[in-house]
Each structure stands twice: as C-alpha cells, then as structure tokens.
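K.L.:
Sharing a structure here in structure tokens format.
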Amino acid sequence: MNEPMNEELQQAICDLPKAELHLHFEGAAPPAFIRGMAQEKNIDIAKIFNEDGSYAYQGFEHFLSVYEAATSVLKTPEDFARLTRAVLEETATQNVIYAETFLSPDFCGGGDVAAWREYLQAIEEEAARCESEMGITLKGVITCIRHFGPEKAKAVALCAAETQGDFIRGFGMAGAEDMGKQSDFAYSFDMAREAELHLTSHACEWRGPSEARDAIMDLGVERIGHGVRAIQDSSVVDLMLERDITLEVCPGSNVFLGVYPHLKNHPIQAFRDAGVKVTVSTDDPPFFHTTMNKEFQDLVQVFGWGIEDLNEMTRNALNAAFCDETTRDTLMKRLPE
Numbered sequence: 000m001n002e003p004m005n006e007e008l009q010q011a012i013c014d015l016p017k018a019e020l021h022l023h024f025e026g027a028a029p030p031a032f033i034r035g036m037a038q039e040k041n042i043d044i045a046k047i048f049n050e051d052g053s054y055a056y057q058g059f060e061h062f063l064s065v066y067e068a069a070t071s072v073l074k075t076p077e078d079f080a081r082l083t084r085a086v087l088e089e090t091a092t093q094n095v096i097y098a099e100t101f102l103s104p105d106f107c108g109g110g111d112v113a114a115w116r117e118y119l120q121a122i123e124e125e126a127a128r129c130e131s132e133m134g135i136t137l138k139g140v141i142t143c144i145r146h147f148g149p150e151k152a153k154a155v156a157l158c159a160a161e162t163q164g165d166f167i168r169g170f171g172m173a174g175a176e177d178m179g180k181q182s183d184f185a186y187s188f189d190m191a192r193e194a195e196l197h198l199t200s201h202a203c204e205w206r207g208p209s210e211a212r213d214a215i216m217d218l219g220v221e222r223i224g225h226g227v228r229a230i231q232d233s234s235v236v237d238l239m240l241e242r243d244i245t246l247e248v249c250p251g252s253n254v255f256l257g258v259y260p261h262l263k264n265h266p267i268q269a270f271r272d273a274g275v276k277v278t279v280s281t282d283d284p285p286f287f288h289t290t291m292n293k294e295f296q297d298l299v300q301v302f303g304w305g306i307e308d309l310n311e312m313t314r315n316a317l318n319a320a321f322c323d324e325t326t327r328d329t330l331m332k333r334l335p336e
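And the structure:
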C-alpha cells in the first residue's frame with residue numbers, strides 16, 4: 000500500500016495550473032445543482048441520487064440513463080447559463096485554467112439550429128463572465144450521441160458547422176460505443192471538417208483497438224477520447240504516432256467504471272513509454288467522484304510521477320487544444336517554466 004502523500008506535495012499539485020480536454024458538460028453538473036433545478040421545476044428524479052446526495056447508478060449503461068435523467072431538468076437557455084457557472088466554479092477550484100467541454104445540441108434544443116443558437120449564446124456569455132471573474136477559459140466541442148444514431152448526428156453536425164467560431168472549436172462523438180461503427184458517422188464528420196472544425200471521437204474505452212483505427216482512418220480525428228484499449232495492438236499505437244494523435248485519457252473514470260480494476264493496471268504510462276501524447280481529464284467528475292487534483296495525486300501515488308510529469312500533461316493538453324494560437328500562447332505563459 001502506498002504511503003499517504005505529504006501535505007507539501009498535495010499543495011504543490013493543487014497549485015499547478017491545469018488543462019483538461021475531456022469534460023462532458025452536463026456530466027460535470029454538481030448533484031446539488033441538479034437536485035435544486037429539479038425541485039424548482041417539480042420534477043421527481045429522486046431515484047438517481049444516493050442518500051448522501053451523490054449520483055446513483057450501476058454500470059455504464061445505467062450511468063447513461065442516469066446522465067440523461069439529470070439532463071432532463073435542464074430545459075431553457077437560462078438553465079444552461081446557470082449550469083455553465085456551476086461547472087466552471089467547480090472546475091476553477093482545481094486551478095484549471097483551460098477546459099474544453101462536450102456540448103450536445105440534442106440536449107439543447109433538440110438539434111434545431113435556431114434553438115441551439117439561443118442555448119449557445121447563453122452558455123458562451125456566461126463562460127465569458129466566468130473567465131473574467133475566475134481566470135478559466137472554456138471552449139466548446141459539439142458532440143453527436145452515438146446511440147442516438149447517424150441521422151440525428153447529421154443535425155448535430157449542422158449545428159456545429161453553423162455556429163463554429165471562437166467558442167465552438169470542434170466536433171466529436173460520445174455515447175454508447177457498442178452501437179454501430181465509427182464509419183456510420185463519416186458524413187457528419189465530413190460536414191464538420193468542411194466547416195474547419197477540429198475532430199475527436201470516443202473510442203477504445205469498451206471496444207478493442209480497431210475502434211481507434213476506425214476513428215483515425217474513417218473519421219479523420221486529431222484526438223481520441225479515452226483510446227486506452229489501443230495499447231493492445233502495437234500497429235494501432237504506431238498509427239497514433241504516425242498521425243500525431245493525442246489521447247484524452249480519463250484514468251479515474253476508467254477505473255470507476257471497471258474498464259481497469261485498479262489504476263496500477265491502467266495503460267497511461269505504457270502510452271507515454273511508447274511515445275503517444277496523453278492528457279488527463281475527469282470525464283464526468285461528480286459521477287466518478289474525482290477532480291483534477293485527485294487525478295494528478297493518484298498518478299503520483301501509483302506511478303511515481305513528479306511535478307514535471309504533471310506539467311507535461313498540461314502542456315500536452317494545451318498543445319492539442321482546439322483553441323486559437325493566441326489563446327494557446329497566453330495560457331502557456333501561465334505554466335511553470
């Protein structure tokens with residue numbers, strides 16, 4: 000058993016500026032915020048909470064249903080503006096200076112471009128206020144939901160293409176990985192690419208290495224969400240190196256959901272040893288009882304990483320971020336030399 004981390008090192012980790020690239024917007028909603036919204040709207044979702052107020056679920060499929068139940072209380076642009084502040088207040092406590100969050104128009108207007116614009120305006124304006132107050136920069140990556148199917152994905156891609164700009168920087172895919180193939184969504188990714196959006200996709204969290212290969216070859220992604228099972232096939236690892244793919248790794252999420260039994264079994268260090276660029280994110284932090292500070296502290300405890308290893312994760316994240324170069328340069332200057 001690892002010895003407890005001394006307070007000085009814990010504080011040093013908390014003080015590090017951090018960046019995360021894999022943060023689901025609704026999945027980052029504090030449970031107390033969602034409970035409060037439900038009470039305001041007289042919506043009974045008590046069954047999705049444990050007695051201690053945390054989210055209650057068992058397994059990945061149940062997690063998706065609880066996630067969607069929590070999201071159901073968010074109905075208006077104002078609700079999403081309030082969610083923006085709640086999420087950024089939590090994220091800023093971890094000294095995160097930059098975050099990219101997955102946004103789905105499926106949950107914000109049902110995939111209609113006109114409705115989506117109203118939600119986006121509310122989110123973007125609140126994010127700007129939070130940046131001014133807290134020093135945290137937020138950018139959006141619009142995601143289609145895999146288990147909603149390819150046709151709905153096309154409407155989401157249109158929303159992305161029509162609203163790309165300083166805030167909406169990318170397009171991606173999330174949801175149940177066991178539904179269909181990456182290539183089923185090629186039309187939507189082509190649409191996003193033509194709109195000059197950056198591309199990412201969840202892959203290789205539950206299925207094997209071929210998922211990552213398909214995301215790279217069929218969708219043309221620049222980053223992969225999770226991607227952890229790709230370590231099982233050296234040819235896929237070589238493809239990642241050849242295409243300079245960065246992985247959005249969420250170690251705590253992977254362990255909590257049972258992708259790996261323990262952090263010591265996680266391949267994040269193996270990817271680093273192979274030369275693959277990895278980053279660290281929290282995925283859906285309140286669902287998985289994690290924070291960026293905890294992720295970093297656990298990596299130090301289990302793999303013996305030092306402060307420079309953690310700083311490398313942040314530099315990797317900023318280098319792979321979908322933001323503009325001016326934003327990237329400004330953020331890089333906030334990192335320790």
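So the sequence shown is numbered by numbering that gives the first Met the number 0: it starts at 0 and just counts up by one. For glycine and all other residues, C-beta sits at the position ideal for the given N, C-alpha and C. The structure displayed is predicted, hence computed values, not measured ones.
#1: Could you please give the first and the last residue of the uninterrupted beta strand (DSSP E) stretch that includes Ile47?
#2: Could you check if Arg34 belongs to the surroundings of the ligand SAM, using beta carbon to heavy atom distance under 7 Å?
#3: Any contact of the segment 49 to 67 with the segment 109 to 117, i.e. 3+ C-beta pairs under 8 Å?
#4: Reducing DSSP to helix, strand and coil, say where Ser200 ends up.
#5: Where Phe101 and Glu7 are concerned, what is the direct C-alpha to C-alpha distance, given to the nearest angstrom?
#6: Would you mind stating whether Asn94 and Lys17 have Cβ atoms separated by less than 8 Å?
#7: Which value, in whole angstroms, describes the spacing of the CA atoms of Met172 and His61?
#8: Does the segment 27 to 34 touch the segment 78 to 89, meaning 3 or more C-beta pairs lie closer than 8 Å?
#9: Within a Cβ cutoff of 7 Å, which residues of the same chain sit near Met0, ignoring the five residues on either side of it in sequence?
#10: Between Val227 and Pro260, what straight-line distance do the alpha-carbon atoms span, to the nearest angstrom?
#11: Tell me where the beta strand (DSSP E) around His21 begins and ends.
#12: Assuming Cys13 and Asn292 are in contact, meaning their beta carbons sit under 8 Å apart, how far apart are those beta carbons, in whole angstroms?
#13: Give the straight-line distance between the Cα atoms of Tyr54 and Asp282, rounded to the nearest whole angstrom.
#14: Considering only the beta carbon of each residue, do Phe302 and Val279 sit closer than 8 Å?
#15: Roughly how many whole angstroms lie between the Cα atoms of Trp151 and Ile244?
#16: With Lys293 as the anchor, note down where its alpha helix (DSSP H) starts and where it stops.
#17: Checking the sheet assignment: what are the DSSP bridge partners for His225?
#18: Just how far apart, CA to CA, sit Gly26 and Ala85?
#19: Compute the Euclidean distance between the alpha carbons of Ile230 and Asn264, then round it to the nearest angstrom.
#20: According to DSSP, simplified to helix, strand and coil, what is Arg168?
#21: Can you name the start and end residues of the beta strand (DSSP E) that Glu99 belongs to?
#22: Short of 6 Å in beta carbon distance, which residues of its chain neighbour Gly148, apart from the five on each side in sequence? Order them along the chain.
#23: I need the DSSP call for Glu336, collapsed to helix, strand or coil.
#24: Please give the ranges of any beta strand (DSSP E) in the segment 234 to 284, keeping only runs that are unbroken, at least 3 residues long and fully inside the region.
#25: Quick check on the burial criterion: 16 or more other C-beta atoms within 10 angstroms. Buried or exposed for Lys276?
#26: Just how far apart, CA to CA, sit Glu130 and Leu87?
#27: Quick check: the segment 124 to 141 against the segment 176 to 188, are there 3 or more CB pairs under 8 Å?
#28: Could you check if Asn5 is buried or exposed, using at least 16 other CB atoms within 10 Å of its CB as the buried criterion?
#29: Report the three-state DSSP secondary structure of Met0 (helix, strand or coil).
#30: What number of angstroms, rounded off, separates the C-alpha of His21 from the C-alpha of Gly224?
#31: Provide the residue(s) that pair with Gly139 in DSSP beta bridges, ordered along the chain.
#32: Is it buried or exposed for Asn253, if we count other Cβ within 10 angstroms and need 16 for buried?
P.N.:
Reading from the atomic positions:
#1: By 1-based counting over the sequence shown, the position of residue 47 is 48. Going by DSSP, Ile47 is part of no beta strand (DSSP E) at all; its letter is neither H nor E.
#2: Ligands are entirely absent from the displayed structure, and the ligand SAM is therefore not among its contents.
#3: No, they do not touch.
#4: Here residue 200 is taken as the residue at index 201 of the sequence shown, counted from 1. Three-state DSSP puts Ser200 in a strand.
#5: The residue given as residue 101 occupies position 102 in the sequence shown. The residue given as residue 7 occupies position 8 in the sequence shown. The straight-line gap from Cα to Cα measures roughly 34 Å.
#6: Taking the first residue of the sequence shown as position 1, residue 94 is located at position 95. Taking the first residue of the sequence shown as position 1, residue 17 is located at position 18. Contact: yes.
#7: By one-based count along the sequence shown, residue 172 stands at place 173. By one-based count along the sequence shown, residue 61 stands at place 62. Distance between the alpha carbons of Met172 and His61 is about 19 Å.
#8: The segment 78 to 89 makes contact with the segment 27 to 34; the number of CB pairs closer than 8 Å reaches 3 or more.
#9: Locating residue 0 in the sequence shown gives position 1, where the first residue counts as 1. The pLDDT assigned to Met0 is 48, lower than 50, so where the model puts this residue is not dependable; a value taken from the coordinates is nonetheless given after this. Closer than 7 Å at Cβ, skipping near neighbours: no residue.
#10: Counting from 1 along the sequence shown, the entry for residue 227 is found at position 228. Counting from 1 along the sequence shown, the entry for residue 260 is found at position 261. Answer to the nearest angstrom: the Cα atoms are 14 Å apart.
#11: In the sequence shown, residue 21 corresponds to position 22, counting from 1. Lys17 to His23 is the extent of the beta strand (DSSP E) around His21.
#12: By one-based count along the sequence shown, residue 13 stands at place 14. By one-based count along the sequence shown, residue 292 stands at place 293. So it is a contact: roughly 5 Å between Cβ atoms.
#13: Counting from 1 along the sequence shown, the entry for residue 54 is found at position 55. Counting from 1 along the sequence shown, the entry for residue 282 is found at position 283. Tyr54 and Asp282: Cα-Cα distance of roughly 15 Å.
#14: For the purposes of this step, residue 302 is taken as residue 303 along the sequence shown, with counting starting at 1. For the purposes of this step, residue 279 is taken as residue 280 along the sequence shown, with counting starting at 1. Cβ distance not < 8 Å, so Phe302 and Val279 don't count as in contact.
#15: Within the sequence shown, the letter at position 152 stands for residue 151. Within the sequence shown, the letter at position 245 stands for residue 244. Here the sequence assigns Lys to residue 151, which means Trp is not the residue at that position. Straight across, the Cα-Cα distance linking Lys151 with Ile244 is about 27 Å.
#16: Taking the sequence shown and counting its residues from 1, the one referred to as residue 293 is at position 294. That run of the alpha helix (DSSP H) goes Met291 to Phe302.
#17: For the purposes of this step, residue 225 is taken as residue 226 along the sequence shown, with counting starting at 1. Answer is Ala202.
#18: Mapped onto the sequence shown, residue 26 falls at position 27. Mapped onto the sequence shown, residue 85 falls at position 86. Gly26 and Ala85: Cα-Cα distance of roughly 12 Å.
#19: Here residue 230 refers to the residue found at position 231 when the sequence shown is read from its first residue. Here residue 264 refers to the residue found at position 265 when the sequence shown is read from its first residue. Rounded to the nearest angstrom, the gap between the Cα atoms of Ile230 and Asn264 is 12 Å.
#20: Translated into positions along the sequence shown, residue 168 becomes position 169. Looking at Arg168 - three-state DSSP - the assignment turns out to be strand.
#21: Counting from 1 along the sequence shown, the entry for residue 99 is found at position 100. Val95 to Leu102 is the extent of the beta strand (DSSP E) around Glu99.
#22: Position 149 of the sequence shown, counted from the start, is the residue given in the question as residue 148. Within the same chain, Gly148 has no close Cβ partners at all.
#23: Locating residue 336 in the sequence shown gives position 337, counting from the first residue. Reduced to three states, the DSSP call for Glu336 is coil.
#24: At a cut-off of 3 residues, the continuous stretches assigned as beta strand (DSSP E) that sit fully inside the segment 234 to 284 are 245 to 248 and 276 to 279.
#25: The residue given as residue 276 occupies position 277 in the sequence shown. The residue in question, Lys276, is buried, as its Cβ has 16 or more Cβ neighbours within 10 Å.
#26: What you label residue 130 is simply residue 131 of the sequence shown in a count that begins at 1. What you label residue 87 is simply residue 88 of the sequence shown in a count that begins at 1. For Glu130 and Leu87, the distance between alpha carbons rounds to 9 Å.
#27: Flag = no, the segment 124 to 141 and the segment 176 to 188 do not touch.
#28: By one-based count along the sequence shown, residue 5 stands at place 6. Asn5 should be labelled exposed.
#29: Your numbering for residue 0 matches position 1 in the sequence shown. Residue placement at Met0 is flagged as unreliable, the pLDDT there being 48, under the threshold of 50; the coordinate-derived value follows with that caveat. Correct three-state label for Met0: coil.
#30: Residue numbering aside, residue 21 sits at position 22 when the sequence shown is read from its first letter. Residue numbering aside, residue 224 sits at position 225 when the sequence shown is read from its first letter. Distance from the CA atom of His21 to the CA atom of Gly224, rounded to whole angstroms, is 7 Å.
#31: The residue given as residue 139 occupies position 140 in the sequence shown. Thr100 and Ile167.
#32: For the purposes of this step, residue 253 is identified with residue 254 of the sequence shown, where counting begins at 1. That one is buried.
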